[in-house]
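Student: Numbering (full-length UniProt numbering), first residue to last: 1 to 177.
Where a beta carbon is used, it is the ideal one built from N, C-alpha and C, also for glycine.
As the structure is a computational prediction, the values presented were derived from the model and not from experiment.
This is the structure:
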């Protein structure tokens with residue numbers, strides 16, 4: 001009887017990614033907001049009639065959209081490229097929808113590299129969003145190196161508690177170039 005009262009919703013493809021047990025809750029929340037495209041980027045704010053500068057806060061050259069901010073912007077594209085190469089992936093970086101779809105498929109698998117990649121994705125989305133907000137609202141400078149360093153340090157610290165992570169991280173002997 002109770003089950004019949006529950007609303008029927010379609011299954012979402014990103015469930016395994018957002019609910020991944022190895023991702024810190026701080027990063028899960030922003031990732032969940034980003035996947036649903038609920039973050040207050042320029043494109044969304046303008047739909048609500050809020051006047052904000054239309055250019056991307058990171059590169060200052062293009063209109064800030066979800067796809068641009070997280071994957072098409074040259075600044076974030078460099079971050080993603082370096083992080084993916086560090087993890088051993090040799091793939092072309094695509095737009096937001098395709099990358100979220102790819103990560104959702106990766107998150108369904110098991111193993112140290114997959115767990116780290118899921119965390120890396122969530123952390124990068126969070127760090128890019130945080131950097132964008134610092135520039136937009138506090139006019140603070142932003143260095144992509146700081147984001148990469150924060151992520152790598154976090155991954156290595158979290159990796160101490162996981163055998164699967166430790167095994168993978170021992171094979172990764174270099175800093176993302």
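1. At which residue ranges does the region 151–177 contain complete alpha helix (DSSP H) runs of 4 or more residues, listed in the order of the chain?
2. Spatial neighbours of residue 89 within its chain, please: C-beta separation below 8 angstroms, excluding the five flanking residues on both sides.
3. Keeping to the same chain, check which residues put their C-beta closer than 6 angstroms to that of residue 53; ignore five residues upstream and five downstream.
4. So what's residue 178 in DSSP terms, helix, strand or just coil?
5. Do the CB positions of residue 134 and residue 140 come within less than 8 angstroms of each other?
6. Below 7 angstroms CB to CB, which residues in the same chain sit around residue 61 once its five sequence neighbours on both sides are set aside?
7. According to DSSP, is residue 63 helix, strand or coil?
8. Tell whether a beta-carbon distance below 8 angstroms holds between residue 58 and residue 42.
9. Kindly confirm or deny that the region 156–172 and the region 94–112 touch, where touching means at least three C-beta pairs closer than 8 angstroms.
10. Taking Cβ to Cβ, would you say residue 70 is nearer than 8 angstroms to residue 96?
11. Please classify residue 133: does DSSP put it in a helix, a strand, or coil?
12. Residue range of the alpha helix (DSSP H) that residue 25 falls in?
Tutor: Let me lay it out:
1. 163–171
2. Start at 1 with the first residue of the chain shown, and residue 89 comes out as number 89. Around residue 89: 117.
3. As a working note, residue 53 is residue 53 in the chain shown. Result list for residue 53: empty, nothing under 6 angstroms.
4. One cannot answer for residue 178 here, as it falls past the ends of the chain, which runs 1 to 177.
5. Within the chain shown, residue 134 is the residue found at index 134, counting from 1. Within the chain shown, residue 140 is the residue found at index 140, counting from 1. It is a contact, given that the beta carbons lie within the stated cut-off.
6. Along the chain shown, read from residue 1 onward, the residue named residue 61 stands at position 61. So the list reads 55, once near-sequence residues are dropped.
7. Residue numbering aside, residue 63 sits at position 63 when the chain shown is read from its first letter. It is a strand residue.
8. Locating residue 58 in the chain shown gives position 58, where the first residue counts as 1. Locating residue 42 in the chain shown gives position 42, where the first residue counts as 1. The answer is no: Cβ separation not under 8 angstroms.
9. yes
10. Residue numbering aside, residue 70 sits at position 70 when the chain shown is read from its first letter. Residue numbering aside, residue 96 sits at position 96 when the chain shown is read from its first letter. Against a cut-off of 8 angstroms, the Cβ pair of residue 96 and residue 70 comes out as a contact.
11. Position 133 of the chain shown, counting from 1, holds the residue named residue 133. Helix at residue 133.
12. Along the chain shown, read from residue 1 onward, the residue named residue 25 stands at position 25. Taken as a continuous stretch (DSSP letters only), the alpha helix (DSSP H) holding residue 25 covers 25–35.
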